[in-house]
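There are 2 protein chains.
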Amino acid sequence: MTDKQRKLSTEAYKGVRDFYPEDMFIQKHIFDLWKKHVEAFGYVEYNASVLEPSELYKAKSGDEIVNEQTYSFKDRGDRDVTLRPEMTPTLARMVAGRKRELGFPLRWYSIPNLFRYEQPQRGRLREHWQLNVDIIGVESIQAEIEIIQIAYNLTKAFGLKDADFEIRINNRMIVNYVLKDVFALSDEQSHVLSKLIDRKEKMSAEEFKDKVATIFEATPDKAQKFLTLINSQNFEEYTGHLPQTKEEHESLCLIKEVIVGLEALGIRNVRFDQTLMRGFDYYTGTVFEVFDNNPKNRRAILGGGRYDEILGIFGEEKVPFIGFGAGDVVVRDLMETYGTLPTFKPAARLAICPTDLPFIPYANEIAQKIRQAGISVAVDYTQKKIGDKVKNADKNGIPYVICVGEEEQKSGKFKIKNLKTREEVSLNEENIIKSLR
Amino acid sequence: MTDKQRKLSTEAYKGVRDFYPEDMFIQKHIFDLWKKHVEAFGYVEYNASVLEPSELYKAKSGDEIVNEQTYSFKDRGDRDVTLRPEMTPTLARMVAGRKRELGFPLRWYSIPNLFRYEQPQRGRLREHWQLNVDIIGVESIQAEIEIIQIAYNLTKAFGLKDADFEIRINNRMIVNYVLKDVFALSDEQSHVLSKLIDRKEKMSAEEFKDKVATIFEATPDKAQKFLTLINSQNFEEYTGHLPQTKEEHESLCLIKEVIVGLEALGIRNVRFDQTLMRGFDYYTGTVFEVFDNNPKNRRAILGGGRYDEILGIFGEEKVPFIGFGAGDVVVRDLMETYGTLPTFKPAARLAICPTDLPFIPYANEIAQKIRQAGISVAVDYTQKKIGDKVKNADKNGIPYVICVGEEEQKSGKFKIKNLKTREEVSLNEENIIKSLR
């Protein structure tokens with residue numbers, strides 16, 4: 009390295025994160041909570057590479073992300089490769105690949121890292137980790153209820169109370185019914201209008217009204233009817249504006265049944281939201297999101313839905329899929345907002361500081377015995393002063409320390425110091441093990 | 009999706025793996041063993057993004073991998089980005105970036121996924137996960153001893169006995185002394201010869217001899233002397249061929265001390281190997297590898313060394329680093345060879361199969377109570393026949409099943425079936441919890 013004169017930067021690549029041990033500790037805490045709550049319902053973990061053939065994302069996904077915001081490149085063998093921007097296409101690919109061998113229903117989860125080329129901002133980075141939870145092979149709304157129940161449990165696990173958030177729910181079937189049957193829009197008009205509805209909360213009422221008017225240019229009376237409908241205050245008002253047909257009845261029943269099913273499980277902060285679309289075009293039924301009501305932080309915490317047609321891109325027959333994704337950056341922000349971030353604790357419970365080099369073998373011997381009892385021990389091998397060694401153990405968050413020198417080697421007794429309380433007790437090895445357990 | 013006619017392939021990208029739940033289970037088992045053994049010594053986990061600025065690898069690394077086998081591309085903002093091919097440059101970057109705040113010695117580990125564009129073959133894929141264990145800030149050979157002890161513990165943990173493997177050790181200082189001082193080779197000649205030594209085991213003795221002759225073209229007597237030295241049978245023979253100088257003495261003492269230190273810990277399968285180089289140019293002292301002696305599988309299981317000059321590329325002063333990397337593909341192959349692969353067990357301990365739709369709410373109620381006792385439960389919501397539901401639970405590896413119908417709802421008693429032994433016991437909910445704990 010010595011012949012290298014130019015200094016390299018120590019910065020990470022733009023928009024991604026370094027996880028120093030303190031950050032990694034928080035990330036592990038988030039992952040552990042995720043795993044605990046999904047595994048309670050029998051979900052099993054899967055994974056895949058971040059590298060996927062680019063064609064996997066060229067099937068229409070409806071999200072601008074996929075076409076304009078991917079990390080895509082040609083490999084040295086001229087293959088088009090993409091760093092996965094979402095996990096759903098990979099999940100579908102894996103299920104399609106072993107459809108005949110797998111025992112449905114499947115309950116699968118994964119915590120992949122995902123990549124999007126976009127301007128980094130609060131809550132949105134170029135790389136994030138996302139919990140993906142999916143139940144595959146269940147047609148009935150029991151799947152909706154379970155998936156939303158898990159989303160609810162997770163939100164509570166990160167410290168939010170019922171009043172802090174709401175679960176917004178809609179159904180793509182009712183959206184399609186409204187756009188295509190009630191308002192008789194073409195496929196293209198429907199697409200443009202559904203994208204507009206998706207962004208409704210991000211613009212003023214005036215702006216929204218103008219844009220609706222443009223879409224309904226030829227039929228201004230319909231524009232007014234549509235605005236009245238989309239601005240309904242609640243489920244009853246919304247349904248009141250719709251013609252009573254079989255299709256309308258069925259889709260609305262589904263929404264109602266999910267809400268009632270969740271209520272029976274004690275989940276009451278669920279609200280029908282006729283403007284909820286969720287980005288991806290592959291959704292075919294229920295869509296939902298958990299929304300943070302905190303005035304400082306109003307935004308979706310997680311979201312998902314049903315996408316029963318996804319295997320079509322692989323030429324496979326329909327298998328019902330429903331699931332959601334929850335990102336780690338958003339959760340970390342949430343935990344900061346709600347004061348539930350954990351305090352860093354290293355694996356090591358005890359630091360052993362030899363007072364001088366000749367006592368290292370004895371320190372190692374003691375360390376080894378304590379490790380055999382399942383307790384993590386770090387020995388300081390540096391030639392620092394003993395006081396600095398103790399300070400350093402404290403700096404690294406190790407809770408207890410013993411110094412080992414001539415006296416200790418003779419007596420087999422050690423002053424074990426609690427670095428938080430500053431209390432010191434003199435114990436032999438056996439009692440050190442007992443007290444650390 | 010319906011308008012998409014062309015079928016997509018369900019294959020993963022070439023040379024990377026899909027982790028179906030059974031594969032993920034094995035990978036988690038490997039990671040858990042890794043974590044347990046390094047955390048016992050007080051190591052803490054860190055991580056970073058797979059995306060790194062390409063310049064991080066342009067500093068000479070000595071490994072052809074880095075220049076010819078990376079996944080490198082330009083992002084949409086025209087930055088040169090590389091998918092990390094190894095973790096060491098990232099570790100060095102992170103340590104350099106916070107050098108003043110960190111409390112040395114550091115014991116850090118990580119399990120990153122690494123990328124290399126190469127022809128996939130047994131034990132070598134385009135993406136693999138690699139345990140990286142490093143101790144930073146310790147100049148003494150105590151660091152060598154601890155690092156090699158951990159490597160030894162891990163190898164044993166995967167099922168190998170002492171006789172199944174050996175730990176090969178060398179020191180770059182003695183290599184440099186031999187090439188530059190004893191044989192007075194130029195920097196370039198030294199570089200070529202050290203690369204040749206690295207590949208010695210991969211060619212015939214004749215071929216090696218010829219290549220050595222080419223390097224020592226002008227001085228054939230030296231070529232013979234060199235061959236005698238490099239072909240030494242053991243440490244004593246090797247040292248006997250060297251002129252007795254201070255430098256020779258010091259480097260050889262270090263190797264001897266490490267071997268003696270490991271012996272004191274009961275680790276006796278350590279062997280000096282004058283041909284061991286390890287690929288990377290950044291090594292400055294001890295290099296070592298764990299080598300599988302199994303005749304079917306002769307190869308390095310893991311390897312590492314000391315690289316005290318690495319922070320130089322960031323313009324930082326020297327900090328001692330020593331560590332090793334161990335890959336998951338190699339470990340999985342090892343466990344297959346030694347018959348130590350674990351059997352798949354899903355999180356769910358119990359499957360509840362409602363006999364018909366009306367009993368789902370009651371099944372959910374029971375499931376919820378059992379989950380609250382910390383036991384994972386999966387409810388089958390499909391409309392399959394009850395026998396198929398039970399079969400499917402078995403297929404997914406869930407060990408116990410209960411069916412819930414009218415009788416069960418009335419009596420509150422359930423026949424819990426062990427799907428392995430086929431035994432059935434009739435228990436109430438409370439006793440189900442007790443028996444599953």
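Top to bottom, those sequences are chains A and B. Those letters in the first sequence? Residues 9 to 445, by this note's numbering. Those letters in the second sequence? Residues 9 to 445, by this note's numbering. Ideal placement from N, C-alpha and C gives every residue a C-beta, glycine not left out.
With a threshold of 16 other CB atoms inside 10 Å of the CB of residue i, please say whether the residue is buried or exposed.
i, result
"B/SER57", "buried"
"A/LEU91", "buried"
"B/CYS361", "buried"
"B/LYS12", "Only weak support is given to the placement of B/LYS12: the predicted model assigns it a pLDDT of 44, under 50, and the value that follows is read from those uncertain coordinates. B/LYS12 is exposed by the Cβ-count criterion."
"A/LEU122", "buried"
"B/HIS257", "exposed"
"B/ARG286", "buried"
"A/VAL52", "buried"
"A/GLN157", "buried"
"B/VAL186", "buried"
"B/PRO251", "exposed"
"A/GLN391", "exposed"
"B/MET32", "buried"
"B/THR10", "Because the pLDDT at B/THR10 is just 43, under 50, the model does not fix this residue reliably, and the value given afterwards should be weighed accordingly. With fewer than 16 other Cβ atoms within 10 Å, it is exposed."
Can you tell me which residues form a DSSP beta bridge with residue i?
i, result
"A/PRO61", "A/VAL89"
"A/VAL412", "A/PRO362"
"B/TRP137", "B/ASN121"
"B/PHE33", "According to DSSP, which records beta bridges pairwise, B/PHE33 is partnered with nothing at all."
"B/ARG132", "B/GLN129"
"A/ASN179", "A/THR294"
"B/ILE116", "The residue asked about is misnamed: residue 116 of chain B is Trp in this sequence, not Ile. B/TRP116 is bridged to B/VAL52, B/ASP142."
"B/LYS421", "B/ASN436"
"B/LEU310", "B/VAL298, B/ALA334"
"B/PHE27", "A/ASN55"
With distances taken from CA atoms, which of the options is nearest residue i?
i, options, result
"A/GLN417", "A/HIS199, A/ASN436, A/ASN400, A/ILE406", "A/ASN436"
"A/TYR315", "A/ILE144, A/MET102, A/PHE112", "A/ILE144"
"A/HIS136", "A/ARG379, A/GLU94, A/LEU114, A/LYS107", "A/GLU94"
"A/ILE368", "B/ASN301, B/LYS22, B/ILE153", "B/ILE153"
"B/ARG357", "B/LEU444, B/GLU53, B/LYS326, B/LYS377", "B/LEU444"
"B/GLU255", "B/THR247, B/ILE182, B/LYS210", "B/ILE182"
"A/GLN380", "B/PHE49, B/GLU109, B/LEU16", "B/PHE49"
"A/GLU19", "B/ASP40, B/GLU60, B/ILE38, B/ALA20", "B/GLU60"
"A/ASN161", "B/GLN376, B/THR253, B/GLN127", "B/GLN376"
"A/ASP195", "A/LEU270, A/ARG276, A/ILE223", "A/ILE223"
"B/LYS22", "A/ARG106, A/GLU30, A/ASP83, A/ASP40", "A/ASP83"
One question on the structure: do residue i and residue j come within less than 8 Å of each other, judged by their Cβ atoms?
i, j, result
"A/TYR65", "A/TYR125", "no"
"B/HIS249", "B/LEU260", "no"
"B/LEU284", "B/GLU265", "no"
"A/LEU310", "A/GLY333", "yes"
"A/ILE177", "A/ILE321", "no"
"A/VAL387", "A/ASN372", "yes"
"B/GLY323", "B/THR294", "no"
"B/GLY331", "B/ASP142", "yes"
"A/VAL337", "A/LEU133", "yes"
"A/LEU114", "A/TRP42", "no"
"B/THR345", "B/ASN305", "yes"
"B/ILE378", "B/ILE441", "yes"
"B/GLU47", "A/ALA359", "no"
"A/VAL146", "B/TYR370", "no"
"B/PHE166", "B/THR348", "yes"
"A/ILE263", "A/ASN179", "yes"
Kindly list, in the order they appear in chain C, the residues whose Cβ is closer than 8 Å to that of residue i.
i, result
"A/VAL24", "Given the protein chain composition of this structure (A and B), no chain C is represented."
Can you look up residue i in the DSSP assignment and give me helix, strand or coil?
i, result
"A/HIS199", "helix"
"A/SER80", "strand"
"A/ASP281", "coil"
"B/ALA381", "coil"
"B/ASN161", "helix"
"B/VAL398", "helix"
"A/VAL327", "coil"
"B/ARG286", "coil"
"B/SER434", "strand"
"A/ASN184", "helix"
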